[in-house]
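Working notes, structure below.
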Amino acid sequence: MSDKKRHVFVYNKSRETFLAFRVRVADSILGRLIGLLGRRSLAPDSGVWIVPSNAVHTIGMLFSFDLVLIDKDFKVVGLRELVRPFSVTWPNHRA
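Reading the sequence shown from the start, the letters are residues 610 to 704 in this note's numbering.
Here it is as structure tokens:
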């Protein structure tokens, strides 16, 4: 089973600014399962977009990160700053 890696950029339309230039799309079972596992850090202009997802766990993670939850229209419906390793976020049913 192979997981083709696609990347997108993230643009804040209301502020007219780029937030990230290299966001990996994790839209397969394997991609969602792997997520950020095995990484020691995340570059400031990168991330992982887990599709679909309305909550995450950070079991096995080695660093904290900011979590942005978006809806089907690509609008931000939730933000959780500095999600710590070995934690679980509550689901956001709007995401």
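Backbone N, C-alpha and C fix where the C-beta goes; we use that ideal spot for every residue, glycine too.
What three-state label does DSSP hand residue i in the structure shown?
| i | result |
| --- | --- |
| Gly669 | coil |
| Arg649 | coil |
| Met610 | Its pLDDT being 46, under 50, Met610 is placed unreliably in this model, and the coordinates cannot settle the point. |
Name the residue from the options whose alpha carbon lies nearest to the alpha carbon of residue i.
| i | options | result |
| --- | --- | --- |
| Tyr620 | Val632, Lys614, Lys613 | Val632 |
| Leu706 | Asp675, Val617, Asp682 | The question about residue 706 has no answer, for the chain in this structure spans 610 to 704. |
| Ala704 | Leu642, Ile679, Val617 | Ile679 |
Could you name the residues that DSSP lists as bridge partners for residue i?
| i | result |
| --- | --- |
| Trp658 | Val634 |
| Leu688 | Val677 |
| His616 | Arg633 |
| Phe627 | Tyr620 |
Taking 7 angstroms as the cut-off, is the C-beta of residue i nearer than that to any heavy atom in the ligand SAM?
| i | result |
| --- | --- |
| Asp682 | With respect to the ligand SAM, the structure shown offers nothing to examine, as it has no ligands at all. |
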